[in-house]
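Visitor: One structure coming up, written as structure tokens, with questions to follow.
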Ligand code: ASP
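In my numbering, the protein residues as written are 382 to 979.
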């Protein structure tokens, strides 16, 4: 080896030892008679020292020519430092250099390779290999490595077998858009890259593997919304002879194991909430439960006594839902601040028509933007409803209310709730609140992409998800009311995993495809292999997949997944470092029998 030690490991106990180190030059500080070099590698930073008169003069001259990021090898003796640096683990010592080799000079890097870099996103991505030298990015990948290791340890301990499934598969019409790969040997035909190994893991259950998992790349050709990657990684899992409860226990176990081993956090038992509850209390199927401000309905869609109608306030009278949150300490908001919030919810991204407020002053008086229509007694009833539903609404607080069509109003208020949570500092990146959301609807109605203007049912999770047995009769009469045996795990308001108990009978699967608008022929052509397999002894089974990149970013306390992926793509799906995607040669196109774009 070119070195005896790494740059991060020397301590006072190494004093007087002769060592050889290798690494990158972080800085050279030349103080005339004394010259210091900070040498860096993956393990840390160590200070080298050369002194005029003490070090050989040719050595001193050579050191003077070193530039940032030169790769060097240095030999010398470890000595105790006169002025110690408590900020780095090697700060008690330095190495008095007796031999210095430049292994490779370096051009000046295009940005500072330091924790706080001056490099913008584009530059960092173009020179990602330099960006990866920075501690912050490297630490994220170390965290990712640890997460993967600990996942394997847990899954192996529970008897799961890691099986690789193919990457060249078949395009299917459900779900997101597929990435496709032309087949040279089968001109005119294409493989698709998997959006997930869903059907393969189910087939492994038919094969009797019983417990499968895989840390696996998946591909979805979606218009890239913020912080999505066209290729991403899942922890993909499937189990046989289980019920939903078994899956919840097993994978809550995984998440708690990861928190314990990677972050030394004892995550308490993960609370559960139905989809319906999540929507009514938070207006979202992935609520951030690090803070309260739960929804309280003043005029609900069911079972709620209407506290708003009959006072000549047309906006509320005509609304399907009037729903609010109570912002702790918000009564001190000035009119200007409330106006600014109103503008915030009226932006097209949120789309609310307006925002009603009720200030519950410290002196217990009430002041609202609808005083013309509602007396203080009326408003006090609203306050009482907040307190009656377990939400505290105290003097000094502010009630913010949105009304309109129920689904829209809930979504708008959910955005406002998150915004208020952020503004009040209630969404701390180092606090972790996990949640299971259960009983998702099986189907949702949407526009048929092949028949514009016409609607059809879509699988909310995917077409292999089983309806709750007690809801199966509703499939014919009220498909929208059918609940699925489907579940999501949510951490800090982000969906980190989702799965379901699967259909395992051919007949029910065929019925599901029919509901989704497949003709029997289409269903057979697309998924005949799976339905055939169901006739050869398919066990009851179910599973889940976690978004691994996202899980890592949450553990790392970061918003973006990009810095937890070694070589990510940018927002237009490009790898700007290798410059991909790119055109291919005419010869390649000819071989594939593909005509170039005119
Ligand atoms: N394959 C599903 C997904 O990618 C997860 C699952 O149902 O296990 O969302």
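The beta-carbon is built from N, C-alpha and C at its ideal position, and this holds for glycine as well.
(1) Distance cutoff 8 Å, beta carbons only. Does residue 683 sit that close to anything in chain C?
(2) Would you check if there are 3 or more beta carbon pairs closer than 8 Å linking the segment 954–965 to the segment 521–534?
(3) According to DSSP, which residues form a beta bridge with residue 615?
(4) Please report how far the alpha carbon of residue 898 lies from the alpha carbon of residue 890, in whole angstroms.
(5) Checking 8 Å against the spacing of the C-beta atoms, do residue 545 and residue 595 come in under that value?
(6) Is any heavy atom of ligand 1 found at a distance shorter than 7 Å from the C-beta of residue 793?
(7) Give the DSSP bridge partners of residue 748, in chain order.
(8) Could you tell me if the beta carbon of residue 881 falls within a distance shorter than 7 Å of some heavy atom in ligand 1?
(9) For residue 393, count neighbouring Cβ atoms within 10 angstroms of its own Cβ and tell me buried if that reaches 16, exposed if not.
(10) If you draw a straight line from the C-alpha of residue 745 to the C-alpha of residue 726, how long is it?
(11) So who's on the other strand from residue 881, going by DSSP bridges?
(12) Using 10 angstroms around the beta-carbon of residue 687, count the other beta-carbons present and answer buried if the total reaches 16, otherwise exposed.
(13) Is residue 566 helix, strand or coil by DSSP?
(14) Report the residue from 937, 593 and 651 whose alpha carbon sits nearest the alpha carbon of residue 644.
(15) With distance defined between alpha-carbon atoms, name the residue in 519, 473, 507 and 669 nearest to residue 876.
(16) DSSP beta-bridge partners for residue 648?
(17) Please give the ranges of any beta strand (DSSP E) in the segment 461–529, keeping only runs that are unbroken, at least 3 residues long and fully inside the region.
(18) What span of residues does the alpha helix (DSSP H) with residue 696 cover, start to end?
(19) Does the Cβ of residue 803 have 16 or more other Cβ atoms within 10 Å, making it buried, or fewer, making it exposed?
(20) Under 7 Å from any heavy atom of ligand 1, does the C-beta of residue 579 make it?
(21) Ligand 1 heavy atoms versus the CB of residue 623: any closer than 7 Å?
(22) Whole angstroms is fine: what's the gap from residue 942's alpha carbon to residue 561's?
(23) I want to check one thing, is the minimum distance from the CB of residue 615 to the heavy atoms of ligand 1 below 7 Å?
(24) Kindly indicate which three-state DSSP category residue 388 falls into: helix, strand or coil?
(25) Let me check you understand the geometry: is the CB of residue 596 closer than 7 Å to at least one non-hydrogen atom of ligand 1?
(26) Which term fits residue 630, buried or exposed, when burial requires 16 or more other beta carbons within 10 angstroms of its beta carbon?
(27) Going straight from the alpha carbon of residue 474 to that of residue 512, what length do you get?
(28) Among the candidates 588, 825 and 925, whose CA atom is the shortest distance from the CA of residue 870?
(29) Do residue 553 and residue 907 come within 8 Å of each other at the CB atom, strictly closer than that value?
(30) Indicate, with yes or no, if ligand 1 has a heavy atom lying under 7 Å from the CB of residue 386.
(31) My output table needs one value for residue 835: the three-state DSSP class, helix, strand or coil.
(32) So, do the segment 860–870 and the segment 812–830 have three or more beta carbon pairs nearer to each other than 8 Å?
(33) Please work out which residues of its chain come closer than 8 Å, Cβ to Cβ, to residue 922, disregarding the five sequence neighbours upstream and downstream, and give them in chain order.
(34) Apart from the five residues on each side of it in sequence, which residues of its chain come closer than 7 Å, Cβ to Cβ, to residue 527?
(35) When the distance is taken between beta carbons, is residue 783 closer than 8 Å to residue 774?
(36) CB-CB under 7 Å to residue 437, same chain, minus the five flanking residues each way: which ones, in chain order?
Guide: Taking the structure as given:
(1) Among the protein chains of the structure shown there is no chain C, as only one such chain exists.
(2) no
(3) 597 and 928
(4) 13 Å
(5) yes
(6) no
(7) 740
(8) yes
(9) exposed
(10) 27 Å
(11) 867 and 924
(12) exposed
(13) coil
(14) 937
(15) 669
(16) Partner(s): none; residue 648 has no beta bridge.
(17) 474–485
(18) 695–698
(19) exposed
(20) yes
(21) no
(22) 25 Å
(23) yes
(24) coil
(25) no
(26) exposed
(27) 28 Å
(28) 925
(29) yes
(30) no
(31) coil
(32) yes
(33) 583, 586, 619, 620, 621, 622, 623, 882, 883 and 885
(34) 643
(35) no
(36) none
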